[in-house]
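Below is one structure; the comments refer to it alone.
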Amino acid sequence: MADQNLPEMKRGYSRLRALAELLDIDVYTYLRFPAIEFLTSFQLLASLFLSSNALRLVSIGEIESPTSELNGVFIFFVNSSLGLPSFITSMLILTLVGFGVAGEIEKKLSQTILSYPVNRADVYVSKVLTAIGLPVLMFAVSELMAFIIVRPDLLARYAIPIMLAALATLGPLLMFSAILLAVAVKVKRAGISMAVGIAVWFLLAIVVPFSTFLEAPGGPGSLTRMAWLLWPIYPLREHYIAELMLVSFKEALLSLAGHFAAVIALFIGCEKYFTRRFEPT
Amino acid sequence: MRRLIDIVGRIGFISIAMSLAIFVSIPLKFSGPRGGGVGGPLNPNEALTFPEFGAWRLAADESLLVELEVSGSEAAVYVVNGTFPRERPFTERKDFEELIEEGKIQVLHKWNVIGSAQLEYSPPDTPVSAMLFIVNEGRIPLELREYQLSTTSFLLPTGRATAVSQLMLLAGIVMSAPRITKTILKMFAKRAIDR
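Residue numbers (my numbering), protein chains in the order written: chain A, 353 to 633; chain D, 341 to 535.
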């Protein structure tokens with residue numbers, strides 16, 4: 353009798369439904385009603401201010417030329433990457449992962465969630481999508497909206513540089529999130545995760561200026577090129593904007609690919625640890 | 341179905357929030373000095389000889405304030421509108437004059453300046469994408485003793501921003517309507533049960 357029921361039970365469990373249920377719980381817990389709405393508005397406002405300055409004034413300050421327009425595009429992306437929109441997103445991720453995920457583990461709430469008949473990988477995916485995916489998506493949407501409103505013509509004219517620059521802007525945020533998530537899952541303490549997250553954020557922010565400062569006289573050397581793996585927007589900017597063309601397109605693309613390979617490896621490593629070794633006690 | 345209504349409703353709320361953010365930014369203006377320019381940036385106290393000129397591109401909704409002091413000969417300050425052919429980059433004043441003669445660009449405003457002057461220009465209601473030129477009208481080298489170019493403009497292109505904001509608001513209302521209806525119905529049902 354039990355054997356006859358087993359296939360029906362198996363059919364009754366839908367992984368997609370379970371994931372949707374987990375997502376529902378996580379979105380409800382982490383992002384209560386006006387939270388994401390408010391933060392998205394702030395992100396968009398910050399992106400609009402930046403884009404207005406970079407895309408509009410830089411390009412109209414002189415007669416439009418491909419260099420001046422691309423210069424504006426890269427000023428916008430570098431400022432987004434280091435400025436207010438990225439800061440808002442980072443702080444949101446820091447709160448959601450540091451307080452949300454690590455706090456859940458610390459308060460033993462994750463024990464309850466993992467006792468449900470759900471796949472651990474689904475729990476992980478749900479946390480990643482809610483605490484990291486949504487803020488990063490909102491950041492990307494804000495940047496896109498800024499382009500659509502301020503200079504939609506640039507999207508068609510410079511599709512490839514803009515797409516690569518957008519990816520290079522999102523990459524460091526994802527890398528920061530992956531490191532933070534790994535720390536949160538490993539140390540299982542909200543306070544320590546937050547402190548480590550802030551330290552990682554500052555380290556990531558200073559790594560390129562510091563390496564450039566160390567190697568200033570001879571141009572970008574091996575140290576700076578290694579630092580570019582953490583911030584691929586810099587080699588892209590060097591390739592498209594620098595007059596001497598010190599960085600080839602292939603090298604800029606390799607930096608971006610290397611960066612994303614590291615990000616994917618971090619997320620996969622974290623998933624493996626969470627599904628195989630993690631003890632929610 | 342319940343979950344779908346919730347998710348779509350939430351996206352609708354986000355869309356409304358974004359449209360409000362754009363809507364708030366539409367009337368914002370900023371003003372400040374403008375640098376850059378073609379044939380420049382013009383440095384004060386440098387002679388602006390005959391073929392040289394300074395040119396700045398202005399946005400459609402940008403108002404302009406130029407304060408300048410010249411000596412030597414007379415300066416002409418032009419605000420022009422039109423399409424500048426990309427295949428004909430101009431580096432000299434004669435290229436600029438040819439474009440005016442051919443009717444490719446039209447002169448919106450012209451001032452002649454001797455000594456010091458304060459010039460203001462606000463764009464007409466119809467949007468224009470104007471350019472400002474400072475050129476030497478005389479034969480003696482013109483010395484631009486001082487100049488300050490400041491502009492006031494809207495933060496965003498108003499027309500496009502309004503359109504995008506309205507579109508997002510409409511999409512947001514449509515997407516969140518089922519969720520709002522569900523919440524209201526639930527509230528009434530709860531009251532009815534309580535009674």
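We put the beta carbon where it would ideally sit given N, CA and C, even for glycine.
- Contact between ALA492/A and LEU522/A is confirmed by a C-beta separation of about 6 angstroms, below the 8 angstroms threshold.
- Assignment of beta strand (DSSP E) within the segment 458-488 of chain A, counting only whole runs of 3 or more residues, yields no such run.
- In this structure, PRO437/A lies away from ALA520/A, with their beta-carbon atoms at least 8 angstroms apart.
- Out of PRO386/A, ALA594/A, LEU575/A, SER420/A, the CA that lies nearest to the CA of LEU407/A is found in SER420/A.
- Using a Cβ-Cβ cut-off of 8 angstroms, ALA501/D counts as an interface residue toward chain A, since at least one Cβ of chain A sits closer than that to its own.
- According to DSSP, ALA415/D shares a beta bridge with VAL453/D, ASN476/D.
- Non-local beta-carbon contacts of LEU400/A in its own chain, meaning distances under 6 angstroms to residues more than five positions away in sequence, involve ALA498 in chain order.
- Taking 8 angstroms as the CB threshold, PRO518/D stays off the interface with chain A.
- By the CB criterion at 8 angstroms, MET490/A and ILE388/A fall inside the cutoff.
- Excluding sequence positions up to five before and after THR564/A, its CB lies within less than 7 angstroms of the CB of THR576, all in the same chain and listed in chain order.
- Contact annotation: in the segment 451-469 of chain A, no residue has its CB less than 9 angstroms from a CB in chain D.
- With the criterion set as a beta carbon lying under 7 angstroms from some beta carbon of chain A, the members of the segment 349-361 of chain D are PHE353, ILE354, ALA357, MET358, LEU360, ALA361, in sequence order.
- Contact between LEU516/A and VAL449/A is absent: CB atoms are separated by about 27 angstroms, not below the 8 angstroms threshold.
- For the segment 564-601 of chain A, the full-length alpha helix (DSSP H) segments reaching 4 residues or more read 574-579, 585-593 along the chain.
- By the Cβ test, the segment 400-419 of chain D is in contact with the segment 491-507 of chain D, since at least three Cβ pairs between them sit closer than 8 angstroms.
- Sixteen is the threshold: when 16 or more other Cβ atoms of the shown chains lie within 10 Å of the Cβ of LEU581/A, as they do, the residue is buried.
- Looking only at THR521/D, ARG485/D, ASP534/D, GLU442/D, the smallest Cα-Cα distance to ALA415/D is reached by ARG485/D.
- LEU489/D is outside the set of residues whose beta carbon lies under 8 angstroms from a beta carbon in chain A.
- At the C-beta level, GLY452/A and TYR510/A stay beyond 8 angstroms of one another.
- DSSP places VAL348/D in the uninterrupted alpha helix (DSSP H) bounded by 342-365.
- CA-to-CA, the gap between PRO367/D and THR498/D works out to about 8 angstroms.
- Cα atoms of ARG589/A and ALA517/D: separation of roughly 44 angstroms, rounded to the nearest angstrom.
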